[in-house]
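**Q** Numbering follows our numbering, in which position 12 of the sequence shown is assigned residue number 12; successive positions increment by one, without gaps.
Ideal placement from N, C-alpha and C gives every residue a C-beta, glycine not left out.
This is the structure I want to talk about, given as structure tokens.
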Amino acid sequence: MNSLYDKGREGFLGGDIDWDADDIRVILVDTNDYIVDLANHEFLTDVPGAARVAVSSSLTSKTKT
């Protein structure tokens, strides 16, 4: 499953998240250890450490279309 959290969407649309300048990362989670809550979760700390399979380094050369 790939999804955009509501808080992330609000941040992009409201201009609080700057795609070009901000530190954007990707996380792979184990859904056996984490119940996805797209409406309420906002921070990486909302995902238990045991559920974090991989966290990327900061994305570089980001583009948007």
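Which ranges would you report for the alpha helix (DSSP H) in the stretch 24-57 if only whole runs of at least 4 residues count?
**A** Segments of the alpha helix (DSSP H) lying fully in the stretch 24-57: there are none.
**Q** Do you know how far the Cα of Val53 is from the Cα of Ile35?
**A** Rounded to whole angstroms, Ile35 to Val53 spans 14 angstroms at the Cα level.
**Q** Tell me, please, whether the stretch 22-41 touches the stretch 53-65 by the rule of three or more beta-carbon pairs shorter than 8 angstroms.
**A** Taking 8 angstroms as the limit for Cβ pairs, the verdict is that the stretch 53-65 does touch the stretch 22-41.
**Q** What three-state label does DSSP hand Gly15 in the structure shown?
**A** Gly15 falls in the coil class under three-state DSSP.
**Q** For Asp20, which of helix, strand or coil comes out of DSSP?
**A** Asp20: coil per DSSP, three-state reduction.
**Q** Beta carbon of Asp46, beta carbon of Asp37: below 9 angstroms?
**A** Closer than 9 angstroms, so yes.
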